[in-house]
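Down below is the structure, laid out as structure tokens.
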Amino acid sequence: MIVNMLKLGEAGFPEILDQIASPPKLIYYQGKSPDAWLGQPKVAIIGSRKATPYGKTVTTKLATDLARAGVVVISGLAYGVDAIAHQAALAAGGTTVAVLPAGLDSIYPAAHAGLARQIAGRGSLITEYPADTVTYPGNFIARNRLISGLADVVLITEAALKSGSLHTARFGLEQGRTVMAVPGNITSPFSEGCNNIIKSGAVPVTSADDVLFALKMNPAAKKTIPIQASPNEQLVFGFIQSGIAAQEAIALAAKLDGPELASVLTMLELAGHIRPAGSGNWVIS
Numbered sequence: 000m001i002v003n004m005l006k007l008g009e010a011g012f013p014e015i016l017d018q019i020a021s022p023p024k025l026i027y028y029q030g031k032s033p034d035a036w037l038g039q040p041k042v043a044i045i046g047s048r049k050a051t052p053y054g055k056t057v058t059t060k061l062a063t064d065l066a067r068a069g070v071v072v073i074s075g076l077a078y079g080v081d082a083i084a085h086q087a088a089l090a091a092g093g094t095t096v097a098v099l100p101a102g103l104d105s106i107y108p109a110a111h112a113g114l115a116r117q118i119a120g121r122g123s124l125i126t127e128y129p130a131d132t133v134t135y136p137g138n139f140i141a142r143n144r145l146i147s148g149l150a151d152v153v154l155i156t157e158a159a160l161k162s163g164s165l166h167t168a169r170f171g172l173e174q175g176r177t178v179m180a181v182p183g184n185i186t187s188p189f190s191e192g193c194n195n196i197i198k199s200g201a202v203p204v205t206s207a208d209d210v211l212f213a214l215k216m217n218p219a220a221k222k223t224i225p226i227q228a229s230p231n232e233q234l235v236f237g238f239i240q241s242g243i244a245a246q247e248a249i250a251l252a253a254k255l256d257g258p259e260l261a262s263v264l265t266m267l268e269l270a271g272h273i274r275p276a277g278s279g280n281w282v283i284s
């Protein structure tokens, strides 16, 4: 795949990176030009490389819901939370961007080369390092300033007390980004970093709606379902999104009989698009 280059101060270079401390003089990218997604709302989802089942679940849920809402998911292609966020965004049909600590000729980690190709096909791979660059430990911290710099919101889904993702949160604060974190079990060392940063002022997140609110987006208006959903699923989802909540009213609007509607509602619920609200009513998840 072709490697493209953008130079600081020239047309096409992301203006959002002009405004951060120590902006990169050059950036290299594969896939979409940054111009293709910079105008969209963007969230950096970061966290532990050794994600627990809890971290995997919340990262997948949040990345999926945000991608479906049209939010670009940015991360660092690392093991754990980063890879989970990229994979969930891709599975949801969204756009995702990976910022790398090495040249594009040597994907790091090498085990994620296949994932990197998928990301380039749907979004972008970005680095400030040319080909044949040796990956020094300091590259990772330097890379983190670009992850936060490209985003509107920095979201940590799971982090221990000394997690490298806290560097990204610090960069985000310095850059004026909104920093958010998912609270975790107070007895779990894997959530200690998130819980501490919330105590220090980060915004707690318990659903994608919290992030959409920070992005000044209308959660109900922005949620979509994948285009591969059946016509009836898209039809019923649209009626529920418009405020038709009662199952009988949905049946009348969609012109579906009881068994047909029940099947559609079940498929939408299993996919996580809707949830029962009691008394035969349904709402967007």
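Numbered according to numbering that gives the first Met the number 0, the sequence shown spans residues 0 to 284.
Ideal placement from N, C-alpha and C gives every residue a C-beta, glycine not left out.
These numbers come from a predicted model, not from an experiment.
By the CB criterion at 8 Å, Ala201 and Ala168 fall inside the cutoff.
When rounded, the separation of the alpha-carbon atoms in Ile283 and Pro182 is 23 Å. Distance from Leu37 to Ile73 at the Cβ level is roughly 11 Å; contact not present, criterion being Cβ atoms closer than 8 Å.
The Cβ-Cβ distance between Glu157 and Tyr53 falls below 8 Å. Only residues of its own chain outside the window of five on either side were considered, and among them Ala250 have a CB closer than 6 Å to the CB of Leu260, listed in chain order. Burial of Pro13 is indicated by the presence of at least 16 other C-beta atoms within 10 angstroms of its C-beta. Residue Gln86 holds the alpha-carbon nearest to the alpha-carbon of Arg121 among Gln86, Asp208, Phe236 and Leu165. Between Asp34 and Gly8, the CB-CB gap reaches or exceeds 8 Å. Restricted to the region 104-159, the alpha helix (DSSP H) segments that are unbroken, complete and at least 4 residues in length are 112-121 and 136-149, listed in chain order. Pro275: member of the beta strand (DSSP E) spanning Ile273 to Gly277, first to last residue. When C-alpha distances from Asn194 are compared across Leu145, Pro129, Ile155 and Tyr28, the shortest belongs to Ile155.
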